Amino acid sequence: MTSPERGPEANGDDAGTAVLWCQGLRKTYGERVAVDDVGFSIARGETYGLLGPNGAGKTTTISIVCGLLTRDAGEVTVAGRPMRPDAVAAKAAIGLVPQDVALYDDLSARENLRFFGRLQGLGRATLDRRVDEVLTIVGLADRADERLDSYSGGMKRRANIAAGLLHQPELLVLDEPTVGVDPQSRNAILESVEALGREGMSVLYTTHYMEEAERLCDRIGIIDEGRLVAEGTRQELVAQIGAGDRIDVSATGDLAAFARACTDLPGTLEVDRRDGDVTIRVSDGRTALAGIVAASERAGVTVTGIELTQPDLEDVFLALTGKALRD
Amino acid sequence: MPRQLTAASLIAGITLRRRLRNRSFLVQAVLGPLLLATIISLAFGATGFDATIGIVDADGSPATAGFARGVTETDLEGLRFELVASPADARSRVADGELDAAVVVPAGFTASLGGDEPRAVEVLAHTDRPIAAEVARSVANDLRARVDAARLGTTAAIAAGGDVPSPDALADIDLPVEVVQRGSGGEVSLAAFFAPAMGLLVLFFSVGTLARDLLGERRTHLLDRVRAAPVHDASLLAGKALAVVVIGVVSLGTIWVATTVGLGARWGDPVGVALVIVGVALAVAGLSGLVAATARTEQQADMLASLFAFTFALIGGNFVGPGNLPPVLERLSLLTPNGWALQGFAELSVGGGSPVDVVPHLVVLVGWAVGAGALGAVLLRRRLGSGT
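Quick look at the structure:
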């Protein structure tokens with residue numbers, strides 16, 4: 001998978017109207033290639049996930065996108081403005097939430113937000129209003145004036161997100177915001193991101209958690225060893241590997257006849273019989289279930305258990321890279 | 001205010017606010033300098049330098065008698081010269097600590113001037129009183145310089161066809177003596193030298209602070225958040241450097257006020273002093289930027305700060321009194337910002353100079369600030385951008 005093929009001039013749908021458009025991004029550190037020919041775009045209101053294991057190039061990619069790192073090659077436009085390290089207008093369109101809690105521990109949440117808000121160029125009246133609003137959004141309004149070092153880890157993470165939202169950016173960039181977070185806080189963060197997505201904010205979300213990408217993202221780019229190996233909706237990605245759904249049937253009786261009957265069913269891709277189980281791969285599991293049950297009756301077998309498994313992004317990653325997502 | 005200037009001032013403001021809150025500002029800019037001023041006051045006493053130096057004229061010729069008389073009639077605050085009867089007496093009184101040092105003009109000194117090897121003037125010094133020893137050595141050097149001048153004049157006269165002077169004539173050579181302070185200002189105040197000298201030393205040790213700040217913020221990705229905002233890297237560095245300038249000005253300002261009020265030190269024209277303080281604080285900020293751009297770890301930042309502080313202090317003359325640098329180091333000191341700052345302070349305190357007199361010093365200090373700061377900004381931008 002490489003960059004979008006159309007350039008910004010020709011690509012009115014992407015570079016012109018997309019919140020983020022990038023192509024051919026490349027970054028090397030000496031001999032090591034951290035990012036190689038990465039390109040994708042994010043439409044307004046879309047939540048886009050960059051999914052890949054640690055060291056895949058996710059943080060390097062968003063660092064280039066946010067103008068923190070220079071790139072060896074490629075183009076980035078944010079809200080139609082070209083991004084460079086000193087590109088003030090392009091940077092103003094981005095709200096970055098770094099992986100770590102990037103706030104001053106010895107200041108209160110309100111002091112932190114006021115500082116970063118003013119750095120974003122917010123005027124005094126707007127700043128006061130926005131600080132109160134984002135503190136309410138992340139549920140920290142009642143502890144806004146306490147120093148950050150008195151917060152729990154989850155509260156700090158929420159304050160971290162609040163700082164990225166202050167100036168109402170056109171694109172919110174979250175770099176693995178749930179790493180090292182307890183399950184309760186993690187869920188709160190995911191709910192916040194979902195809510196922002198529903199409100200129409202464009203989000204670039206990096207993670208190595210498949211379930212987060214599946215839950216939050218409209219489209220997902222799978223990145224490994226610096227390359228974007230696949231991109232699309234969850235369904236599109238699953239379809240790309242052509243694995244289909246898997247139905248495991250535990251049964252007693254003439255399993256050979258049952259397997260033959262399943263083979264003849266429409267949508268069946270593959271049938272495999274082992275001991276007391278028959279595994280059937282089908283293009284659409286839910287529509288195939290009724291036919292399989294009917295086939296078992298025709299074959300005279302007694303079904304003791306049946307399980308439908310749809311392939312997930314883990315399977316996609318495994319199929320595309322030959323390794324597990326958490327390797 | 002233009003956006004980048006606002007950003008720089010915001011960054012300076014938050015840096016100072018945090019330093020105030022964690023009290024490092026108080027320690028670095030107020031308590032440290034006050035402690036330093038106290039140490040200086042203990043070193044030089046409430047009235048500054050105080051010493052009695054003996055003069056022994058064992059030669060007894062009119063020339064040396066005139067010289068000895070001239071020296072002992074000198075009236076400087078805290079510095080007295082006293083005629084002592086004999087070298088043995090002087091040696092004993094120096095050993096007892098009754099005299100801080102002594103200058104001995106040996107018997108037959110004038111008579112030896114006609115020969116190839118004139119007799120040496122001896123300086124007796126107490127090891128615990130190096131400053132008094134330096135003063136005595138200066139007096140001896142002064143006598144030697146005058147004798148050399150007289151001999152040169154005599155040699156020139158002979159070469160021009162004149163007669164060789166008799167020993168009596170040599171003895172009558174007038175060696176006019178005037179012990180004066182250099183410059184035209186008030187009296188010499190050692191506190192006014194050592195206070196800024198030590199203050200500068202401490203200030204130069206702080207050039208690693210900015211680097212430590214940036215490295216810490218980079219580690220926690222705070223720097224990413226700041227740099228992802230519409231802020232140029234140069235503004236980021238300028239903001240951090242501005243905080244260093246404020247700390248430097250308050251730090252030296254505290255020493256200035258404390259030693260002036262507590263020790264009666266005379267720093268000279270207040271406007272001139274303020275200008276030099278601002279200039280040297282700017283230079284330190286520029287150097288801080290350079291260290292921040294080159295140090296890759298906090299340990300490296302500390303090491304570079306120590307290197308700058310000690311090297312500049314040694315070359316710049318922070319550890320020795322005014323005018324006591326060897327000629328080579330005196331020239332080399334002009335390569336250092338603290339050398340220029342110390343000269344600026346001396347120009348104001350010893351020389352009684354006006355703000356106009358320290359303009360060259362100010363220009364050099366600002367040059368250091370701009371040069372080091374610009375180089376630091378370029379290197380830092382490249383480093384942050386490349387992610388190395």
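Taken in order, these protein sequences are the chains called A and B.
So for the first sequence, the working numbering puts the first residue at 1; every next one is plus one.
So for the second sequence, the working numbering puts the first residue at 1; every next one is plus one.
Ideal Cβ placement from N, Cα and C applies to all residues, glycine included.
Owing to the predicted nature of the structure, the values given are computational and were not obtained by experimental measurement.
query: Which residue or residues does DSSP assign as beta-bridge partners of residue 40 (chain A)?
result: In the first sequence, counting from the first residue as 1, residue 40 (chain A) sits at position 40. Paired residues: A:22.
query: From residue 40 (chain A) to residue 242 (chain B), what distance separates their C-alpha atoms?
result: Your numbering for residue 40 (chain A) matches position 40 in the first sequence. Your numbering for residue 242 (chain B) matches position 242 in the second sequence. For residue 40 (chain A) and residue 242 (chain B), the distance between alpha carbons rounds to 40 Å.
- request: Using three-state DSSP, classify residue 322 (chain A) as helix, strand or coil.
  value: As a working mapping, residue 322 (chain A) is identified with position 322 in the first sequence. In this structure, residue 322 (chain A) counts as coil in the three-state DSSP scheme.
task: Give the straight-line distance between the Cα atoms of residue 246 (chain B) and residue 99 (chain A), rounded to the nearest whole angstrom.
output: As a working note, residue 246 (chain B) is residue 246 in the second sequence. As a working note, residue 99 (chain A) is residue 99 in the first sequence. Cα to Cα, residue 246 (chain B) sits roughly 33 Å from residue 99 (chain A).
message: Any C-beta of chain B within less than 8 Å: which residues of the region 63-78 of chain A qualify?
response: 63, 66, 67, 68, 69, 70
query: Whose CA, out of A:114, A:270, A:271, A:151, lies closest to the CA of residue 165 (chain A)?
result: The residue you call residue 165 (chain A) lines up with position 165 of the first sequence. That would be A:114, whose Cα lies nearest to the Cα of residue 165 (chain A).
query: Which word fits residue 144 (chain A), buried or exposed, when buried means at least 16 other C-beta atoms lie within 10 angstroms of its C-beta?
result: Here residue 144 (chain A) corresponds to residue number 144 of the first sequence, with the count starting at 1. Buried.
query: Is there at least one Cβ from chain B nearer than 8 Å to residue 116 (chain A)'s Cβ?
result: On the first sequence, position 116 is the one that residue 116 (chain A) refers to. It does; some Cβ of chain B falls within 8 Å.
task: State the start and end residues of the unbroken beta strand (DSSP E) segment that holds residue 81 (chain B).
output: Here residue 81 (chain B) corresponds to residue number 81 of the second sequence, with the count starting at 1. Unbroken beta strand (DSSP E) run through residue 81 (chain B): 79-84.
- request: Take residue 237 (chain A) and list the residues in its own chain whose beta-carbon comes closer than 6 Å to its own, dropping the five residues that flank it on each side.
  value: Sequence index remark: in the first sequence, residue 237 (chain A) carries index 237 (1-based). Contacts found: 230, 316.
query: Cβ atoms of residue 59 (chain A) and residue 21 (chain A): under 8 Å apart, would you say?
result: Residue numbering aside, residue 21 (chain A) sits at position 21 when the first sequence is read from its first letter. Residue numbering aside, residue 59 (chain A) sits at position 59 when the first sequence is read from its first letter. The answer is no: Cβ separation not under 8 Å.
query: Using the beta-carbon of each residue, which ones in chain A are nearer than 9 Å to residue 3 (chain B)?
result: Translated into positions along the second sequence, residue 3 (chain B) becomes position 3. Residues of chain A passing the Cβ test: 88, 121.
query: Of all the CB atoms in chain A, is at least one closer than 8 Å to the CB of residue 350 (chain B)?
result: To locate residue 350 (chain B), count along the second sequence from 1; it is residue 350. Answer no: the Cβ-Cβ gap between residue 350 (chain B) and chain A never drops below 8 Å.
query: Under 8 Å between C-beta atoms, does residue 224 (chain B) make it to chain A?
result: On the second sequence, residue 224 (chain B) is found 224 positions in, with the first residue counted as 1. Closer than 8 Å: yes.
message: Taking a contact to mean a Cβ-Cβ separation below 8 Å, would you say residue 200 (chain B) touches residue 305 (chain B) in this structure?
response: Residue 200 (chain B) sits at position 200 when you count from the first residue of the second sequence. Residue 305 (chain B) sits at position 305 when you count from the first residue of the second sequence. Contact: no.
field: Paired residues, beta bridge with residue 48 (chain A) - DSSP
entry: Within the first sequence, numbered from 1, the residue matching residue 48 (chain A) stands at position 48. Residue 48 (chain A) is bridged to A:204, A:219.
message: Assuming contact is defined by CB atoms lying nearer than 8 Å, are residue 136 (chain A) and residue 175 (chain A) in contact in what I supplied?
response: For the purposes of this step, residue 136 (chain A) is identified with residue 136 of the first sequence, where counting begins at 1. For the purposes of this step, residue 175 (chain A) is identified with residue 175 of the first sequence, where counting begins at 1. Against a cut-off of 8 Å, the Cβ pair of residue 175 (chain A) and residue 136 (chain A) comes out as no contact.
- prompt: Can you tell me the Cα-Cα spacing of residue 60 (chain B) and residue 88 (chain B), whole angstroms?
  reply: On the second sequence, residue 60 (chain B) is found 60 positions in, with the first residue counted as 1. On the second sequence, residue 88 (chain B) is found 88 positions in, with the first residue counted as 1. Distance between the alpha carbons of residue 60 (chain B) and residue 88 (chain B): 16 Å.
query: Are the region 262-280 of chain B and the region 344-354 of chain B touching by the rule of at least three beta carbon pairs closer than 8 Å?
result: yes
query: Just by C-beta distance, which residues in the region 82-106 of chain A are closer than 9 Å to chain B?
result: 85, 86, 87, 88, 89, 90, 91, 92, 94, 95, 96, 97, 98, 99, 100, 101, 102, 103, 104, 105, 106
- prompt: residue 9 (chain B): which of B:148, B:244, B:144 sits nearest, CA to CA?
  reply: Mapped onto the second sequence, residue 9 (chain B) falls at position 9. It is B:244 whose Cα lies nearest to the Cα of residue 9 (chain B).
field: residue 228 (chain A) - partner residues in DSSP beta bridges
entry: Along the first sequence, read from residue 1 onward, the residue named residue 228 (chain A) stands at position 228. Its beta-bridge partners are A:223.
query: Among A:38, A:47, A:24, A:309, which one has its Cα closest to the Cα of residue 192 (chain A)?
result: The residue given as residue 192 (chain A) occupies position 192 in the first sequence. With distances taken between Cα atoms, residue 192 (chain A) lies closest to A:47.
query: Between residue 96 (chain B) and residue 52 (chain B), is the Cβ-Cβ spacing less than 8 Å?
result: The residue you call residue 96 (chain B) lines up with position 96 of the second sequence. The residue you call residue 52 (chain B) lines up with position 52 of the second sequence. No, the pair does not count as a contact, with Cβ atoms beyond the cut-off.
query: Under 8 Å, do residue 230 (chain B) and residue 91 (chain A) count as touching if we go by C-beta distance?
result: Within the second sequence, residue 230 (chain B) is the residue found at index 230, counting from 1. Within the first sequence, residue 91 (chain A) is the residue found at index 91, counting from 1. Yes, Cβ-Cβ distance for residue 230 (chain B) and residue 91 (chain A) is below 8 Å.
- request: Answer yes if the region 103-121 of chain A comes into contact with the region 8-23 of chain B, meaning at least three C-beta pairs across the two stretches below 8 Å, and no otherwise.
  value: yes
field: Chain-ordered neighbours of residue 109 (chain A) on chain B, where CB pairs are closer than 7 Å
entry: Stepping through the first sequence from its first residue, residue 109 (chain A) is reached at position 109. Ordered by position in chain B, no residue passes the 7 Å Cβ test against residue 109 (chain A), which lies about 14 Å from the chain.
- request: With DSSP as the reference, please indicate the residues paired to residue 108 (chain A) in a beta bridge.
  value: Position 108 of the first sequence, counted from the start, is the residue given in the question as residue 108 (chain A). Paired residue(s): A:147.
message: Rounded to whole angstroms, what is the Cα-Cα separation between residue 185 (chain A) and residue 388 (chain B)?
response: The count along the first sequence starts at 1 and reaches residue 185 (chain A) at position 185. The count along the second sequence starts at 1 and reaches residue 388 (chain B) at position 388. Using only the alpha carbons, I get a separation of about 33 Å.
field: Reference residue 105 (chain B), options B:329, B:219, B:56, closest by Cα
entry: Within the second sequence, the letter at position 105 stands for residue 105 (chain B). It is B:56 whose Cα lies nearest to the Cα of residue 105 (chain B).
message: With three or more C-beta pairs closer than 8 Å as the rule, is the region 252-265 of chain A touching the region 217-225 of chain A?
response: no
task: Compile a chain-ordered list of the residues in the region 11-37 of chain B whose CB is closer than 9 Å to at least one CB of chain A.
output: 11, 13, 14, 17, 18, 21, 22
query: What in chain A is Cβ-close to residue 302 (chain B), meaning under 9 Å?
result: Here residue 302 (chain B) refers to the residue found at position 302 of the second sequence. None at all; the shortest Cβ gap to chain A is about 22 Å.
field: Beta-bridge partners of residue 278 (chain A), as assigned by DSSP
entry: In the first sequence, the residue the question calls residue 278 (chain A) occupies position 278. DSSP lists A:249, A:273 as partners of residue 278 (chain A).
Beta-carbon gap between residue 315 (chain B) and residue 339 (chain B) smaller than 8 Å: As a first step, residue 315 (chain B) is located in the second sequence; it is residue number 315 there, counting from the start. As a first step, residue 339 (chain B) is located in the second sequence; it is residue number 339 there, counting from the start. In contact: residue 315 (chain B) and residue 339 (chain B) (Cβ atoms closer than 8 Å).
message: Here's the rule I'm using: 16 or more other beta-carbon atoms within 10 Å means buried, otherwise exposed. How should residue 19 (chain A) be labelled?
response: Position 19 of the first sequence holds residue 19 (chain A). Flag for residue 19 (chain A) reads buried.
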